[in-house]
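Chemist:
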Amino acid sequence: MKTLKYFPFIFLILFFACGKKKDGSAKDPQPAIAYAVYGTGVYNEAGGAKPVEYLNRAEMVTVLNSVTVETGKKDAPKKTWAKIERTTGKQGFVDAANLAAKAFVVVQPLEVFNVNQASGKRLATVPVGQVGFIVEEKAGWAKVRFGYRVSEDWSLSKEATKWLDEKWAQVEGVSYDAAAIGQGVELETALRKFADANDKKKTEGKAELEKIVKEERSQFIEVARKVLALSQSEVASPEKKEEPVSPPSAPQGNE
9 MKTLKYFPFI
19 FLILFFACGK
29 KKDGSAKDPQ
39 PAIAYAVYGT
49 GVYNEAGGAK
59 PVEYLNRAEM
69 VTVLNSVTVE
79 TGKKDAPKKT
89 WAKIERTTGK
99 QGFVDAANLA
109 AKAFVVVQPL
119 EVFNVNQASG
129 KRLATVPVGQ
139 VGFIVEEKAG
149 WAKVRFGYRV
159 SEDWSLSKEA
169 TKWLDEKWAQ
179 VEGVSYDAAA
189 IGQGVELETA
199 LRKFADANDK
209 KKTEGKAELE
219 KIVKEERSQF
229 IEVARKVLAL
239 SQSEVASPEK
249 KEEPVSPPSA
259 PQGNE
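Numbering follows this note's numbering, in which position 17 of the sequence shown is assigned residue number 25; successive positions increment by one, without gaps.
#1: Can you list, in chain order, the residues of its chain whose CB lies under 7 angstroms from that of P39, leaving out five sequence neighbours each side?
#2: Going by beta carbon distance, what residues of the same chain come within less than 7 angstroms of D161, once the five residues before and after it are set aside?
#3: Which class does N124 belong to by DSSP, given the choice of helix, strand or coil?
#4: Using the C-alpha atoms, what's the distance from F112 back to A57?
#5: Check whether the Cβ atoms of A42 and A108 sit closer than 8 angstroms, and answer yes or no.
#6: On the three-state DSSP scale, how would you describe F154?
#7: Along the chain, where does the alpha helix (DSSP H) that runs through E93 open and close?
#8: Note the first and the last residue of the continuous beta strand (DSSP E) segment covering R200.
#9: Count the other C-beta atoms from every protein chain shown that fall within 10 angstroms of the C-beta of E67, then say buried if there are 16 or more, exposed otherwise.
#10: From N52 to T88, what does the alpha carbon distance come to, in whole angstroms?
#11: So L195 packs on S226, CB below 8 angstroms; how close in whole Å?
#12: Give the secondary structure of D103 by DSSP, where H, G and I count as helix, E and B as strand, and everything else as coil.
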């Protein structure tokens, strides 16, 4: 998978632009809000060997500053680490490429294009319930990132899944509400398990989807109900059953 190459530099620009005194001297960078694109590892030090804990997908953190360190590999580019603080108050370092400036969840079908123009090529329609992230905004458009392949209709078929990271959309039919985003993450987690080839995970995913429907607290109940109904229909008609999608994998190098 691709990684967000320029994200660390956005933070650096923000830090140093806000961190200048009137006399031109530097001061400590100003904190900035960011969101975890993946369940990424948190380390005690930049470039650490083993994470001490993990951020949840779409978890909000405060970025205190950033540091660039050598990767230890010959001719390899340096890696930028963000020093973050969780809402619990605990601090640590994460790979800055696994953070984004904004998080959202799709509440109305979202069309994604190859360029920031309505005349551009429409690549896909992202379904309700999908969690995404904004990495750049320009003239009413946003460059979006999902982190995983997106299933256009939640059918979980290989034909319906597409890679849409760092493409463009007019993000009008989305919600930035933390509770709604949490419900989207809950739905995604259940769907990935349900799509897994492993019977145990598939059973867990089905139970989680059924729980979403039963509790009636998520705004994405209809999505869960639709997927469950579709799976039952496929069981009744095995000759029409499509091959399920393996759970999306995180990009290489993701912590």
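Glycine residues also receive a C-beta, built at the ideal position from the N, C-alpha and C atoms.
Since we're looking at a predicted model, the values are computed, not measured.
Modeler: Considering the structure as presented:
#1: Here residue 39 is taken as the residue at index 31 of the sequence shown, counted from 1. Only T70, V71, L72 meet the Cβ criterion.
#2: Within the sequence shown, numbered from 1, the residue matching residue 161 stands at position 153. If we look at D161 and ignore the five residues flanking it on each side, its Cβ neighbours are P135, A168.
#3: Counted from its first residue, the sequence shown places residue 124 at position 116. Here N124 sits in coil by DSSP.
#4: If you number the sequence shown from 1, residue 57 lands on position 49. If you number the sequence shown from 1, residue 112 lands on position 104. Using only the alpha carbons, I get a separation of about 31 angstroms.
#5: Here the question's residue 42 lines up with position 34 in the sequence shown. Here the question's residue 108 lines up with position 100 in the sequence shown. Cβ distance < 8 angstroms, so A42 and A108 count as in contact.
#6: For the purposes of this step, residue 154 is identified with residue 146 of the sequence shown, where counting begins at 1. DSSP places F154 in coil when its eight states are reduced to three.
#7: Position 85 of the sequence shown, counted from the first residue, corresponds to residue 93. From DSSP, E93 is part of no alpha helix (DSSP H) but of the beta strand (DSSP E) over 87-93.
#8: Stepping through the sequence shown from its first residue, residue 200 is reached at position 192. Counting along the chain, R200 falls outside any beta strand (DSSP E), though it belongs to the alpha helix (DSSP H) covering 186-202.
#9: Against the sequence shown, residue 67 aligns to sequence position 59. E67 is buried by the Cβ-count criterion.
#10: What you label residue 52 is simply residue 44 of the sequence shown in a count that begins at 1. What you label residue 88 is simply residue 80 of the sequence shown in a count that begins at 1. Spanning the two alpha carbons is a distance of roughly 15 angstroms.
#11: If you number the sequence shown from 1, residue 195 lands on position 187. If you number the sequence shown from 1, residue 226 lands on position 218. That belief holds up - the Cβ atoms of L195 and S226 are roughly 7 angstroms apart, short of 8 angstroms.
#12: Position 95 of the sequence shown, counting from 1, holds the residue named residue 103. Three-state result, D103: strand.
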